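Just below is one structure, and these are the notes that go with it.
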Amino acid sequence: MSDIFDKYGDVIARHDQLLETGPDPFAVCLEEVYSPTEAKVNGRHTILAGTNNYLGITFDPDCVEAAANAIRRHGTGTTGSRIANGTYTEHRRLELELASFMACRSAMVFPTGYQANLGMLVGLAGPRDVMLIDADSHSSIYDGARLSGATVVRFRHNDPADLERRLRRLEGEGECRLIVVEGIYSMLGDRAPVADFVELKRKYGAYLLVDEAHSLGVLGETGRGAAEAEGVADEVDFYVGTFSKSLGSVGGFGASNHPKFESLRYCSRPYMYTASSAPSNVASVLTTLRQIREDPSRRQRLWRNAQAIYDRLSEQGFEICAPMSPIIAVRLPDVETAYYAWSRLLEAGVYVNLAVPPGTPHGECLLRCSVSAAHSDDQIGEICQRFGLVARDLQAKAPAPEPRLVAQASD
Ligand SMILES: Cc1ncc(COP(=O)(O)O)c(C=O)c1O
Numbered sequence: 284m285s286d287i288f289d290k291y292g293d294v295i296a297r298h299d300q301l302l303e304t305g306p307d308p309f310a311v312c313l314e315e316v317y318s319p320t321e322a323k324v325n326g327r328h329t330i331l332a333g334t335n336n337y338l339g340i341t342f343d344p345d346c347v348e349a350a351a352n353a354i355r356r357h358g359t360g361t362t363g364s365r366i367a368n369g370t371y372t373e374h375r376r377l378e379l380e381l382a383s384f385m386a387c388r389s390a391m392v393f394p395t396g397y398q399a400n401l402g403m404l405v406g407l408a409g410p411r412d413v414m415l416i417d418a419d420s421h422s423s424i425y426d427g428a429r430l431s432g433a434t435v436v437r438f439r440h441n442d443p444a445d446l447e448r449r450l451r452r453l454e455g456e457g458e459c460r461l462i463v464v465e466g467i468y469s470m471l472g473d474r475a476p477v478a479d480f481v482e483l484k485r486k487y488g489a490y491l492l493v494d495e496a497h498s499l500g501v502l503g504e505t506g507r508g509a510a511e512a513e514g515v516a517d518e519v520d521f522y523v524g525t526f527s528k529s530l531g532s533v534g535g536f537g538a539s540n541h542p543k544f545e546s547l548r549y550c551s552r553p554y555m556y557t558a559s560s561a562p563s564n565v566a567s568v569l570t571t572l573r574q575i576r577e578d579p580s581r582r583q584r585l586w587r588n589a590q591a592i593y594d595r596l597s598e599q600g601f602e603i604c605a606p607m608s609p610i611i612a613v614r615l616p617d618v619e620t621a622y623y624a625w626s627r628l629l630e631a632g633v634y635v636n637l638a639v640p641p642g643t644p645h646g647e648c649l650l651r652c653s654v655s656a657a658h659s660d661d662q663i664g665e666i667c668q669r670f671g672l673v674a675r676d677l678q679a680k681a682p683a684p685e686p687r688l689v690a691q692a693s694d
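Using our numbering, you'd call the opening residue of the sequence shown number 284 and step up by one each time.
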């Protein structure tokens with residue numbers, strides 16, 4: 284009998300090879316967390332520059348208090364699904380707040396952002412429909428698309444012209460067309476041209492879903508995301524969002540103005556057949572949403588910090604994959620160089636994400652930094668200074684006679 288893990292042979296071999304030279308990049312443990320931007324890692328005080336804690340909200344005293352109160356009042360978990368015993372008054376309140384925040388008729392809360400995509404895509408599209416998804420979509424979009432049974436068509440990343448070619452070819456095929464894009468892409472940090480996609484969905488009678496996971500609380504005048512920033516928020520048919528980034532908790536949501544949207548509560552299996560979010564998560568998100576609405580200062584600080592890191596890393600010669608955003612992805616030529624740089628940064632007390640194939644678009648090897656409003660000027664200085672040391676290291680290791688810090692884009 285063959286080993287059931289044989290199918291992972293290559294992946295396991297590559298992982299083992301990596302571990303011969305240093306720490307496991309996929310098993311980093313935060314031994315203690317001191318603040319949104321600091322933790323103990325491998326026994327060392329470390330600056331966190333690879334979380335999705337964009338607004339630095341996780342230790343906000345009001346959010347902590349709201350979560351602790353909710354546990355005391357409602358317990359640690361709901362032990363049931365939304366369609367059984369898992370809907371509490373707070374789930375309903377949060378859905379009303381989210382709908383109002385997104386200026387939509389209704390919103391539905393899911394236990395994670397991953398599941399929000401699954402629930403929305405599986406609920407909205409079926410075997411007679413066509414789903415057109417951006418090639419760089421998050422895995423939850425790919426998985427939801429597959430699970431829906433719809434015909435899935437990938438279009439070139441952030442390329443409305445390619446999408447239009449495919450929409451034209453599809454004329455007369457399938458019942459409904461659902462276009463799926465993200466506001467800010469999680470790996471490279473680039474933004475979708477949402478207004479162009481809105482124009483196409485109107486022209487071809489399609490629906491548009493925007494996953495604002497990384498843009499919620501980050502883009503737009505009131506923090507609704509990329510569609511708001513482009514002035515087309517009201518034209519988007521469906522939104523997905525997550526609580527695990529700017530909102531500093533765990534969970535996700537879908538929102539829409541469609542009059543039949545609420546029917547997903549009894550038509551979408553990923554919504555129905557899983558336990559609902561813990562009361563503490565719901566309570567902290569309710570508090571965070573209010574703060575984001577009332578006070579844009581965290582968003583402003585986030586962008587100021589992002590600009591500072593972007594400028595300093597660019598000056599040091601690092602190649603950054605996209606225009607400035609709170610996700611700053613530094614491109615390195617290969618897995619070995621990226622892993623070496625990542626390990627050196629961690630040894631020096633700075634944690635960023637190592638992102639390598641197959642988890643990256645076009646086989647990119649990246650050091651993915653994500654910026655927080657909670658990073659102090661000193662921390663930003665330290666992050667950039669440590670990157671500078673790594674840049675020098677890489678230059679010293681580069682082959683003579685013309686050392687290059689980074690390779691050209693591989694795509
Ligand atoms: C675009 C996008 N959608 C959905 C998710 C899933 O969100 P969560 O981690 O909250 O489940 C992520 C997570 O990184 C994401 O980047």
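Here a beta-carbon is modelled for each residue, glycine too, at the ideal position from N, C-alpha and C. These figures come from a predicted structure and were not determined experimentally.
Notebook entry, point to check: Using a threshold of 7 Å, is the CB atom of residue 328 nearer than that to any non-hydrogen atom of ligand 1?
Noted result: Between ligand 1 and residue 328, a heavy atom-to-CB distance of less than 7 Å is absent.
Next item on the list: For residue 352, collect the residues of the same chain with a Cβ closer than 8 Å to its Cβ; drop the 5 residues on either side in sequence, then sort them by chain order.
Entry: 566.
Check: Contact between the segment 483-503 and the segment 400-414: three or more CB pairs below 8 Å?
Finding: With contact defined as three or more Cβ pairs closer than 8 Å, the segment 483-503 and the segment 400-414 are in contact.
Notebook entry, point to check: Do the CB positions of residue 506 and residue 611 come within less than 8 Å of each other?
Noted result: No; because the gap between Cβ atoms is not below 8 Å, this pair is not in contact.
Notebook entry, point to check: How about residue 465: is its Cβ closer than 7 Å to a heavy atom in ligand 1?
Noted result: Yes; taking the cut-off as 7 Å, the Cβ of residue 465 has a heavy atom of ligand 1 nearer than that.
Checklist line | Closer than 7 Å: residue 298 CB and nearest ligand 1 heavy atom | finding: Not one heavy atom of ligand 1 is found less than 7 Å from the C-beta of residue 298.
Notebook entry, point to check: What three-state label does DSSP hand residue 453 in the structure shown?
Noted result: Under the three-state reduction of DSSP output, residue 453 falls in the coil class, being neither helix nor strand.
Next item on the list: Could you name the residues whose beta carbon sits closer than 5 Å to any heavy atom belonging to ligand 1, keeping them in chain order?
Entry: The answer, residue by residue, is 395, 396, 397, 421, 423, 465, 469, 494, 496, 525 and 527.
Next item on the list: Reducing DSSP to helix, strand and coil, say where residue 518 ends up.
Entry: The three-state secondary structure of residue 518, taken from DSSP, is helix.
Item checked: residue 537 - partner residues in DSSP beta bridges -> Partner(s): 391 and 523.
Item checked: Rounded straight-line distance, which links the Cα of residue 666 to that of residue 655 -> Looking at the two C-alpha atoms, the distance is approximately 12 Å.
Check: Quick one, which of 580, 365 and 327 has its alpha-carbon nearest residue 550's?
Finding: Proximity to residue 550 across 580, 365 and 327 peaks at 365, based on C-alpha coordinates.
Next item on the list: State the Cα-Cα distance for the pair residue 545 and residue 554, rounded to the nearest angstrom.
Entry: Each residue's Cα considered, the two are about 11 Å apart.
Next item on the list: Could you spell out the range, first to last residue, of the beta strand (DSSP E) harbouring residue 327?
Entry: First-last of the beta strand (DSSP E) with residue 327: 327-331.
Check: What is the DSSP secondary structure of residue 674, reduced to helix, strand or coil?
Finding: Residue state, collapsed to three classes: helix.
Next item on the list: Throw me the rounded Cβ distance for the residue 695 and residue 511 pair, which I believe falls under 8 Å.
Entry: No answer is possible for residue 695: it lies beyond the span of the chain, which begins at 284 and ends at 694.
Item checked: Whole-angstrom distance between residue 292 and residue 285, CA atom to CA atom -> Approximately 12 Å, taken between the alpha carbons.
Checklist line | Enclosing beta strand (DSSP E) for residue 413 [first to last residue] | finding: That run of the beta strand (DSSP E) goes 413-417.
Item checked: For residue 652, three-class secondary structure by DSSP -> In this structure, residue 652 counts as strand in the three-state DSSP scheme.
Item checked: As assigned by DSSP and simplified to three states, the class of residue 370 -> Here DSSP, grouped into helix, strand and coil, assigns residue 370 to coil.
Margin query: Suppose the cutoff is 6 Å on Cβ atoms and the five residues either side in sequence are ignored; what does the same chain contact list for residue 408 look like?
Written below: For residue 408, the CB contacts under 6 Å within the same chain, skipping 5 residues up- and downstream, are 414, 431, 433 and 461 in chain order.
Margin query: Quick check: residue 346 and residue 466, are their CB atoms within less than 8 Å of each other?
Written below: Residue 466 sits away from residue 346, with the two beta carbons spaced by 8 Å or more.
Next item on the list: List the residues that DSSP assigns as beta-bridge partners of residue 318.
Entry: BP columns for residue 318 point to 321.
Item checked: For residue 276: DSSP bridge partner residues -> Because the chain in this structure spans residues 284 to 694, residue 276 falls outside the shown range and cannot be described.
Check: Cα-Cα, which of 598, 586, 564 and 609 is closest to residue 341?
Finding: Among 598, 586, 564 and 609, the Cα nearest to that of residue 341 is on 564.
Checklist line | Boundaries (first-last residue) of the beta strand (DSSP E) holding residue 359 | finding: Counting along the chain, residue 359 sits inside no beta strand (DSSP E), nor does DSSP assign it H or E at all.
Margin query: Please report the distance separating the alpha-carbon of residue 599 from that of residue 590.
Written below: A direct Cα-Cα distance of roughly 14 Å separates residue 599 from residue 590.
Next item on the list: Return yes when the Cβ of residue 427 is within less than 8 Å of the Cβ of residue 401, no when it is not.
Entry: It is a contact, given that the beta carbons lie within the stated cut-off.
Checklist line | Straight-line Cα distance separating residue 343 from residue 358 | finding: Residue 358 and residue 343 have their C-alpha atoms some 21 Å from each other.
Note to self: Counting C-beta neighbours from all protein chains within 10 Å, is the total for residue 644 16 or more, i.e. buried, or is it exposed?
What the structure shows: So residue 644 ends up on the buried side.
Notebook entry, point to check: For residue 612, which of helix, strand or coil comes out of DSSP?
Noted result: The DSSP-derived three-state label of residue 612 is strand.
Check: How do the segment 533-542 and the segment 380-399 stand: do at least 3 beta-carbon pairs fall below 8 Å, yes or no?
Finding: Cβ pair count under 8 Å is three or more, so yes.
Notebook entry, point to check: What does a CB cutoff of less than 7 Å around residue 457 pick up in its chain, not counting 5 residues either side in sequence?
Noted result: Hits under 7 Å: 411, 412, 413 and 434.
Margin query: I want to know whether the segment 645-654 touches the segment 477-487 - three or more CB-CB distances under 8 Å.
Written below: With the cut-off at 8 Å, the segment 645-654 and the segment 477-487 do not touch.
Check: Whose C-beta lies closer than 7 Å to the C-beta of residue 328 among residues of the same chain, with five residues either side of it excluded?
Finding: Correct list, in chain order: 321 and 632.
Notebook entry, point to check: Straight-line CA distance for residue 405 to residue 429?
Noted result: The C-alpha of residue 405 lies about 9 Å from the C-alpha of residue 429.
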